[in-house]
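> Sequential numbering of the sequence shown, starting at 790, is according to this note's numbering. Backbone N, C-alpha and C define an ideal beta-carbon position, used for all residues, glycine too. Before I ask anything, let me first share the structure, which is written out below as structure tokens.
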Amino acid sequence: MAISFGHDRPWGAVSQHEFRRLTQDPRHPLTYLVHFAAIGWADRHGHAGFGPGRLAVLLGKDGKPLS
Numbered sequence: 790m791a792i793s794f795g796h797d798r799p800w801g802a803v804s805q806h807e808f809r810r811l812t813q814d815p816r817h818p819l820t821y822l823v824h825f826a827a828i829g830w831a832d833r834h835g836h837a838g839f840g841p842g843r844l845a846v847l848l849g850k851d852g853k854p855l856s
């Protein structure tokens, strides 16, 4: 079954698993890592909610949360 949002209204999909993996890739600038995390953990409404300190842990290096 095809998904439709109306005539001439394109849409796209991504692998959240891949974006979660990219969040841990230190070759990218921090701004990209935040973007990857937002997409990787987005819910069905497009919102990514992180509890206190969770995003800092995800973006940290060598086991240390981002300060």
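1) Please return the same chain residues whose Cβ sits closer than 8 Å to the Cβ of Ser-871, not counting the five positions on each side in sequence.
2) Hey, could you find the ends of the alpha helix (DSSP H) Phe-808 is sitting in?
3) Give me the Cα-Cα distance between Arg-809 and Asp-797, rounded to the nearest whole angstrom.
4) Work out the CA separation of Gly-829 and Lys-853 for me, nearest whole Å.
Answer, in terms of the structure:
1) In the structure displayed, the chain extends from 790 to 856; residue 871 sits before or after that span and is not available.
2) Judged by DSSP secondary structure, Phe-808 falls within the alpha helix (DSSP H) whose first and last residues are 805 to 811.
3) Cα to Cα, the separation comes out at about 30 Å.
4) In a straight line, the C-alpha of Lys-853 is about 21 Å away from that of Gly-829.
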